[in-house]
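A.B. asks: Sharing a structure, written as C-alpha cells. Questions coming.
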Amino acid sequence: MAPEKDSNGLDNYAFALEGRFCDLAGTQHGEEVESSVEEDTNKLAYCVTDVPPWYLCIILGIQHCLTAFGGIIAIPLILSQGLCLQHDGLTQSHLISTIFFVSGICTLLQVTFGIRLPILQGGTFTLLAPSMAVLSMPEWTCPAWTQNASLVNTSSTEYIEVWQSRMRALQGSIMVGSLFQVFVGFSGLIGLFMRFIGPLTIAPTISLIGLSLFDSAGTSAGNHWGISAMTTSLIILFSQYLRHIAVPVPFYSKAKKLHTTRIYVFQILPVLLGSSISWLICYLLTKYNVLPTDPSQYGYLARTDLKGDVMAQAPWISLPYPGQWGMPTVSLAGVVGILAGVISSMIESVGDYHACARLSGAPPPPKHAINRGIGIEGLGCLLAGAWGTGNGTTSYSENVGALGITKVGSRMVIVASGVLMVVMGVFGKAGAIFTTIPSPVVGGMFMVMFGVVAAAGVSNLQYADMNSSRNIFIFGFSMFSGLVIPNWILKNPNTFATGVVELDQVLQVLLTTSMFVGGFFGFILDNTIPGSKQERGILAWNKAHEDDSSNTLESGEVYNLPFGINSCLSSSWLQYLPCCPPTVPLSKEGSGADINALEPKQPLGHPQPAPIIIGVTL
Numbered sequence: 002m003a004p005e006k007d008s009n010g011l012d013n014y015a016f017a018l019e020g021r022f023c024d025l026a027g028t029q030h031g032e033e034v035e036s037s038v039e040e041d042t043n044k045l046a047y048c049v050t051d052v053p054p055w056y057l058c059i060i061l062g063i064q065h066c067l068t069a070f071g072g073i074i075a076i077p078l079i080l081s082q083g084l085c086l087q088h089d090g091l092t093q094s095h096l097i098s099t100i101f102f103v104s105g106i107c108t109l110l111q112v113t114f115g116i117r118l119p120i121l122q123g124g125t126f127t128l129l130a131p132s133m134a135v136l137s138m139p140e141w142t143c144p145a146w147t148q149n150a151s152l153v154n155t156s157s158t159e160y161i162e163v164w165q166s167r168m169r170a171l172q173g174s175i176m177v178g179s180l181f182q183v184f185v186g187f188s189g190l191i192g193l194f195m196r197f198i199g200p201l202t203i204a205p206t207i208s209l210i211g212l213s214l215f216d217s218a219g220t221s222a223g224n225h226w227g228i229s230a231m232t233t234s235l236i237i238l239f240s241q242y243l244r245h246i247a248v249p250v251p252f253y254s255k256a257k258k259l260h261t262t263r264i265y266v267f268q269i270l271p272v273l274l275g276s277s278i279s280w281l282i283c284y285l286l287t288k289y290n291v292l293p294t295d296p297s298q299y300g301y302l303a304r305t306d307l308k309g310d311v312m313a314q315a316p317w318i319s320l321p322y323p324g325q326w327g328m329p330t331v332s333l334a335g336v337v338g339i340l341a342g343v344i345s346s347m348i349e350s351v352g353d354y355h356a357c358a359r360l361s362g363a364p365p366p367p368k369h370a371i372n373r374g375i376g377i378e379g380l381g382c383l384l385a386g387a388w389g390t391g392n393g394t395t396s397y398s399e400n401v402g403a404l405g406i407t408k409v410g411s412r413m414v415i416v417a418s419g420v421l422m423v424v425m426g427v428f429g430k431a432g433a434i435f436t437t438i439p440s441p442v443v444g445g446m447f448m449v450m451f452g453v454v455a456a457a458g459v460s461n462l463q464y465a466d467m468n469s470s471r472n473i474f475i476f477g478f479s480m481f482s483g484l485v486i487p488n489w490i491l492k493n494p495n496t497f498a499t500g501v502v503e504l505d506q507v508l509q510v511l512l513t514t515s516m517f518v519g520g521f522f523g524f525i526l527d528n529t530i531p532g533s534k535q536e537r538g539i540l541a542w543n544k545a546h547e548d549d550s551s552n553t554l555e556s557g558e559v560y561n562l563p564f565g566i567n568s569c570l571s572s573s574w575l576q577y578l579p580c581c582p583p584t585v586p587l588s589k590e591g592s593g594a595d596i597n598a599l600e601p602k603q604p605l606g607h608p609q610p611a612p613i614i615i616g617v618t619l
C-alpha cells in the first residue's frame, strides 16, 4: 500500500494511491537512496502494463481529458477566425465535437496498435500555423460581411458555402500531407530524418509556433483586458503558486472505506480552473448587466449570452462522419504548407515517446515502436482530415507531464480517456457549452498556453553549447527571420509574381509560416556551418534519448502488437517491415501469447475486473 503523502507537498504527487509501485526508468534496481522521500519520488503506483481498478481508470481518464481540454478546444476557436465562423456558434460546436471524437479514435489506435504507451492524441498547433497561412491567402480572405454579426445568416446557402469551401481546402491538404507521415513512419525513415535534426533546428521551429499566434491571443484578449488579465492571473496562480497545496476530497476504497485523500488539483487542472472561474464571473456580470449591452461599446464581447441560442439549437446526439462538410479539395500550396507542420509534429512526437516511456516505467521505445507510432499519427491526421476537424493529431506533451504528477503510467487509463473523448464528441451539447466561453477568457488562456509553447521550444537549447558564438548566431538569426519575413509578406501579399500561379501560392504559404522559415534557416545553417557534434548539442540530444537505465519491463511486453498479431506476422514476410516487432522465441512461461495481449499481467493485490477490461477494450 502506498504511504500517505505528507502535507509538505512534493511536486510529483497528485494522488495518494493504493497499489504496488514500479521504479521509474532511470532508477537502478537495488540502488540505495538517500531518503524515503527520494525513493517515493521514483516510484509508480501503476506501470504501463498494469490495470488499475475500473473506477480509477475512469477518474484518471477524466483527468487526462480535462488536461487536454485547453489545447483541444483552442484549435477550433482559432480556426473559426480564418473560416469566417466568428459569429456562428452552432458550427463552432460541431467542430469542437468533431475534434473530440477524432482525438478519441486516434488515442485508441495509438495505445492499441501504435507506440502502445499511455500517450494521448489531440489537435496540434504545428498544423495550425500553416492552416492559418493557407486561409490568409487572397482567394480565401473572408468577405467583409461575414465579420458583421448583424449581416450573417448562418443558415443561408451563401454563408455555408463560404466557410465549407475553406474547410474542404484544409481537409484535402491535411489528408495528402498526412500520407507523407504515414510513409515516413511505417517505412522507418524517421530515423534518417533525426540524424540531421538537432536542438538548433527544433528550438526555433517549436518556439515560433507559439510566437506566431500572438495576434490571435491579442485580438481575443483585447476585447476586455480586465477579464483576460484575470484569467491569466488565475492560471498563473494555480499552476505556479498553489501547485504544492493538496486539497482533501472524499474518497472510497475497499481497504479504507470512505476516507479523505489529498489531490493536487491546482497542479493538475490550472487551465480548466482558471478559465472556469473567469467564465463564471463573466456570467454573473452578464446576468446583472454590469457588462455593456450595446455591441459598439468596449467589453460587450465579454458577455456570455452572445451565443445563448447555441445550447438550444445543438442536438443531444450528433455523430460526426467523414466528408460531413463535402468533398475535400486539394491545392499544391496547401499540401506543401501542411508538410512543414507534419515534419515538426513528427520531431516533437519522438521526444514525447521517450519522455512518456521514462514516466510510465517502460523501457525506451525500440525503433519498430517509434516507426509504428509515427505511422499511426499520420493515420490519425488522415482521419482528422477526412472527418473535417481542420487540423491533424499529435501526441500531447502536457498529458505526458501528467503521468509524472499522478504516478499512474497505465495505458488502460488512456484507453478510458479515448473512450470518454469519443462520447464527448457524440454528445452534441458538450461542444455547444464550450462555444459560450467569452473571447476575453479564451484570450487570457491563449496568453499562457502560447507562451509555454514558445518556451518549450527554447528549452531544447539546453543540449547545445550556448556559449558558442556559432550557436547564438544560428538561433538568433533563425528566430528573427521567422518573425520578419512572414510579417513583411503578409503586409505585401502581391509580392510574388513568377507567372506560375501554383508556385506563387506555394511561396506565399511557406514564407508566411513562421515555424517553416525559422526551422528552415536553423536546419540549413546548423548542417553547413562547421561545428562539432558536442557544440551543436547532437551528442547530448542523442544521449538523452538512449537507454541509460535498466529496463523496468520487458520491451516485448510493452511494445509488441496485441491480440496475437505478432505470432501471425512471424510466419510471413511482414515481419521484416520496419514497423513490425522482431521475432523472439517464446519464454518458458509461455508468455508468447500474453506479451501481445492488451490486458497485461495483473499485479498482486489488484483483482482483475475482466468484464470491465474487455468492455473498455472493445
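The sequence shown lines up with residues 2 to 619 when you count with the working numbering.
All C-beta atoms, glycine included, are put in the ideal place defined by N, C-alpha and C.
Can you give me the Cβ contacts of Asp216 inside the same chain, cut-off strictly under 7 Å, excluding the 5 residues immediately before and after it?
C.D. replies: In the sequence shown, residue 216 corresponds to position 215, counting from 1. Contacts found: none.
A.B. asks: Please state whether DSSP places Gln64 in a helix, a strand or coil.
C.D. replies: The sequence position of residue 64 within the sequence shown is 63, counting from 1. Correct three-state label for Gln64: helix.
A.B. asks: What's the call for Gly374, buried or exposed, on a 16-neighbour Cβ count within 10 Å?
C.D. replies: What you label residue 374 is simply residue 373 of the sequence shown in a count that begins at 1. Buried is the call here.
A.B. asks: Nearest CA to the CA of Cys85: which residue from Cys143, Thr108, Thr125, Pro53?
C.D. replies: On the sequence shown, position 84 is the one that residue 85 refers to. Comparing Cα-Cα distances from Cys85 to each of Cys143, Thr108, Thr125, Pro53, the minimum goes to Cys143.
A.B. asks: May I ask you to report which of helix, strand or coil DSSP gives Leu128?
C.D. replies: What you label residue 128 is simply residue 127 of the sequence shown in a count that begins at 1. In the structure shown, Leu128 sits in coil (DSSP, three-state: anything other than H, G, I, E or B).
A.B. asks: Answer yes or no: do Met446 and Ile236 have a C-beta to C-beta separation smaller than 8 Å?
C.D. replies: Against the sequence shown, residue 446 aligns to sequence position 445. Against the sequence shown, residue 236 aligns to sequence position 235. Yes, the pair counts as a contact, with Cβ atoms nearer than the cut-off.
A.B. asks: Within the segment 258-309, note down every full beta strand (DSSP E) run reaching 3 residues or more, in order along the chain.
C.D. replies: Counting whole runs of 3 or more residues, the segment 258-309 contains the beta strand (DSSP E) stretches 258-264.
A.B. asks: Just to check my reading of the structure: Gly178 and Val336 have Cβ atoms closer than 8 Å, yes? What is that Cβ distance to the nearest angstrom?
C.D. replies: To locate residue 178, count along the sequence shown from 1; it is residue 177. To locate residue 336, count along the sequence shown from 1; it is residue 335. Contact flag correct, Cβ pair sits at about 5 Å.
A.B. asks: Can you confirm whether the segment 310-329 touches the segment 164-176 when touching is taken to mean that 3 or more C-beta pairs between the two stretches lie within less than 8 Å?
C.D. replies: Cβ pair count under 8 Å is three or more, so yes.
A.B. asks: Would you mind working out which of Glu378, Ile175, Gly71 sits nearest Trp388, comparing C-alpha positions?
C.D. replies: Counted from its first residue, the sequence shown places residue 388 at position 387. Ranking the options by Cα distance to Trp388, first place goes to Ile175.
A.B. asks: Taking all protein chains shown into account, do 16 or more other C-beta atoms lie within 10 angstroms of the C-beta of Met152, making it buried, or fewer, making it exposed?
C.D. replies: Mapped onto the sequence shown, residue 152 falls at position 151. According to the sequence provided, residue 152 is Leu. The question's Met does not apply to it. Result: exposed.
A.B. asks: Measuring alpha carbon to alpha carbon, tell me which residue in Ile79, Val416, Gly115, Leu384 is nearest Val52.
C.D. replies: Here residue 52 is taken as the residue at index 51 of the sequence shown, counted from 1. Ranking Ile79, Val416, Gly115, Leu384 by Cα distance to Val52 puts Val416 first.
A.B. asks: Who pairs with Gly123 in a beta bridge, going by DSSP?
C.D. replies: By 1-based counting over the sequence shown, the position of residue 123 is 122. Paired residue(s): Thr395.
A.B. asks: Beta carbon of Ala204, beta carbon of Thr514: below 8 Å?
C.D. replies: Translated into the one-based positions of the sequence shown, residue 204 becomes position 203. Translated into the one-based positions of the sequence shown, residue 514 becomes position 513. Contact: no.
A.B. asks: Determine the DSSP secondary structure at Tyr354, reduced to helix, strand or coil.
C.D. replies: In the sequence shown, the residue the question calls residue 354 occupies position 353. The answer is helix: DSSP assigns Tyr354 an H, G or I state.
A.B. asks: By how many angstroms is the C-alpha of Ala431 removed from the C-alpha of Ser98?
C.D. replies: Within the sequence shown, numbered from 1, the residue matching residue 98 stands at position 97. Within the sequence shown, numbered from 1, the residue matching residue 431 stands at position 430. Cα-Cα distance, rounded: 7 Å.
A.B. asks: Considering only their Cβ atoms, is the gap separating Ile106 from Val414 smaller than 8 Å?
C.D. replies: Here the question's residue 414 lines up with position 413 in the sequence shown. Here the question's residue 106 lines up with position 105 in the sequence shown. Cβ atoms of Val414 and Ile106: not closer than 8 Å.
A.B. asks: On a CA-only basis, which of Ile434, Thr261, Leu243, Leu380 is nearest Trp317? Give me that one, please.
C.D. replies: As a working mapping, residue 317 is identified with position 316 in the sequence shown. Selected option, being the one with the closest Cα: Ile434.
A.B. asks: Per the DSSP calculation, Leu484 is bridged to which residue(s)?
C.D. replies: Against the sequence shown, residue 484 aligns to sequence position 483. According to DSSP, which records beta bridges pairwise, Leu484 is partnered with nothing at all.
A.B. asks: Consult DSSP for Leu136 and reduce its assignment to one of helix, strand or coil.
C.D. replies: Residue mapping note: residue 136 aligns to position 135 of the sequence shown, counting from 1. Helix.
A.B. asks: In terms of residues, what are the limits of the alpha helix (DSSP H) holding Ser229?
C.D. replies: Locating residue 229 in the sequence shown gives position 228, where the first residue counts as 1. Residues 226-237.
A.B. asks: Who are the near neighbours of Pro200 in its chain, counting only those whose CB is closer than 7 Å to its CB and skipping five residues on each side?
C.D. replies: Working through the sequence shown from its first residue, we reach residue 200 at position 199. Closer than 7 Å at the Cβ level, and outside the excluded window around Pro200, lie Asn461, Leu462, Tyr464, Ala465, Gly538, Trp542.
A.B. asks: What residue ranges within the segment 358-432 form continuous alpha helix (DSSP H) runs of no fewer than 4 residues, ordered along the chain?
C.D. replies: You should have 368-388, 398-407, 412-427.
A.B. asks: What three-state label does DSSP hand Val518 in the structure shown?
C.D. replies: Residue numbering aside, residue 518 sits at position 517 when the sequence shown is read from its first letter. Helix.
A.B. asks: Does Leu281 pass the burial test, meaning 16 or more other C-beta atoms within 10 Å, or should it be called exposed?
C.D. replies: If you number the sequence shown from 1, residue 281 lands on position 280. The residue in question, Leu281, is exposed, as its Cβ has fewer than 16 Cβ neighbours within 10 Å.
A.B. asks: Decide if Cys581 is buried, meaning its Cβ has at least 16 other Cβ atoms within 10 Å, or exposed.
C.D. replies: In the sequence shown, residue 581 corresponds to position 580, counting from 1. By the neighbour-count rule (16 or more Cβ atoms within 10 Å), Cys581 is buried.
A.B. asks: What residues in its chain sit with their C-beta under 8 Å from that of Leu333, if we drop five residues either side in the sequence?
C.D. replies: Mapped onto the sequence shown, residue 333 falls at position 332. Within the same chain, Leu333 has close Cβ partners Glu503, Gln506, Val507.
A.B. asks: Could you spell out where the alpha helix (DSSP H) holding Pro200 opens and where it closes?
C.D. replies: On the sequence shown, residue 200 is found 199 positions in, with the first residue counted as 1. 200-212 is the extent of the alpha helix (DSSP H) around Pro200.
A.B. asks: In the DSSP assignment, find the alpha helix (DSSP H) that holds Tyr560 and state where it starts and stops.
C.D. replies: Translated into the one-based positions of the sequence shown, residue 560 becomes position 559. Element bounds for Tyr560: 556-560.
A.B. asks: Distance, Cα to Cα, Met133 vs Leu80?
C.D. replies: Translated into the one-based positions of the sequence shown, residue 133 becomes position 132. Translated into the one-based positions of the sequence shown, residue 80 becomes position 79. Cα-Cα distance, rounded: 7 Å.
A.B. asks: Name the one or two DSSP bridge partners that Ile473 has.
C.D. replies: Taking the sequence shown and counting its residues from 1, one reaches residue 473 at position 472. BP columns for Ile473 are empty, so no partner.
A.B. asks: Taking only the alpha-carbon atoms, compute the straight-line gap between Gly410 and Ser533 and give it to the nearest angstrom.
C.D. replies: Within the sequence shown, numbered from 1, the residue matching residue 410 stands at position 409. Within the sequence shown, numbered from 1, the residue matching residue 533 stands at position 532. Between Gly410 and Ser533, the C-alpha separation is close to 38 Å.
A.B. asks: What residue does the alpha helix (DSSP H) around Pro441 start on, and which one ends it?
C.D. replies: One-based indexing of the sequence shown puts residue 441 at position 440. First-last of the alpha helix (DSSP H) with Pro441: 440-459.
A.B. asks: Compute the distance between the beta-carbons of Gln64 and Thr395, then report whether it is under 8 Å.
C.D. replies: To locate residue 64, count along the sequence shown from 1; it is residue 63. To locate residue 395, count along the sequence shown from 1; it is residue 394. No, Cβ-Cβ distance for Gln64 and Thr395 is not below 8 Å.
A.B. asks: According to DSSP, is Ile318 helix, strand or coil?
C.D. replies: By one-based count along the sequence shown, residue 318 stands at place 317. Note: Ile318 maps to strand in three-state DSSP.
A.B. asks: So what's Leu512 in DSSP terms, helix, strand or just coil?
C.D. replies: As a working mapping, residue 512 is identified with position 511 in the sequence shown. It is helical.
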